[in-house]
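Undergrad: Take a look at this one; I'll ask things after.
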Amino acid sequence: MTLPLIAPMLATPGTLPPAAQDARWAYETKQDGQRAVAYLPGDGSLLLRARSGEDITAAYPELAPLGRALGTVPAVLDGEVLALDERGRASFQLLQGRMGLAHAPALAARRAARVPVHLVLFDVLHLDGRPLLALPYTRRR
């Protein structure tokens, strides 16, 4: 199935009311990683695109099993690629050694053995042939 290209949903700066005052706002921790949109066409494959639209799939070979996570259900998911330090915290410094390796899959695989990454997902943009962007954020999660 051909999935639509969708840009990641980006936060915008501003002044937010207290959560108790206005339930329309969502608060999330800022992750220190590389933004990525994951395309799962339902055939077991995975395509990762950076914010720029660049294909970064080959830079993160350990994420390939995600392509089978939903079986034959196609989906577009928004998230962040993270490398974790020895305390389990996101480390952009560790991730930098993994970024930019989509053109060098053999090197990416060697680095994946030393510094594995994780994909933290926070939004479902398209699911089973249906665009979900018109749904409220709380329903997409």
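Residue numbers (our numbering): 46 to 186.
Ideal placement from N, C-alpha and C gives every residue a C-beta, glycine not left out.
1. Please work out which residues of its chain come closer than 7 Å, Cβ to Cβ, to V160, disregarding the five sequence neighbours upstream and downstream, and give them in chain order.
2. Report the residue ranges of all beta strand (DSSP E) runs contained in full by the region 51-134; include only those spanning at least 3 residues, in chain order.
3. Just how far apart, CA to CA, sit A95 and V126?
4. Which word fits G116, buried or exposed, when buried means at least 16 other C-beta atoms lie within 10 angstroms of its C-beta?
5. My output table needs one value for P150: the three-state DSSP class, helix, strand or coil.
6. For F137, which option in R80, P49, A52, L50 has the closest C-alpha, if you only look at C-alpha atoms?
7. Suppose contacts are defined by Cβ-Cβ distances below 9 Å. Is A104 in contact with L122 by that definition?
8. Which residue from P176, L177, L164 puts its Cα closest to that of P106?
9. Along the chain, where does the beta strand (DSSP E) that runs through L164 open and close?
10. For A147, collect the residues of the same chain with a Cβ closer than 8 Å to its Cβ; drop the 5 residues on either side in sequence, then sort them by chain order.
TA: By the coordinates alone:
1. A128, L139, G142, R143
2. Runs of the beta strand (DSSP E) inside the region 51-134: 79-85, 92-95, 120-128.
3. Roughly 10 Å between the two C-alpha positions.
4. exposed
5. helix
6. R80
7. no
8. L164
9. 162-172
10. E99, D100, I101, T102, A103, A104, A153
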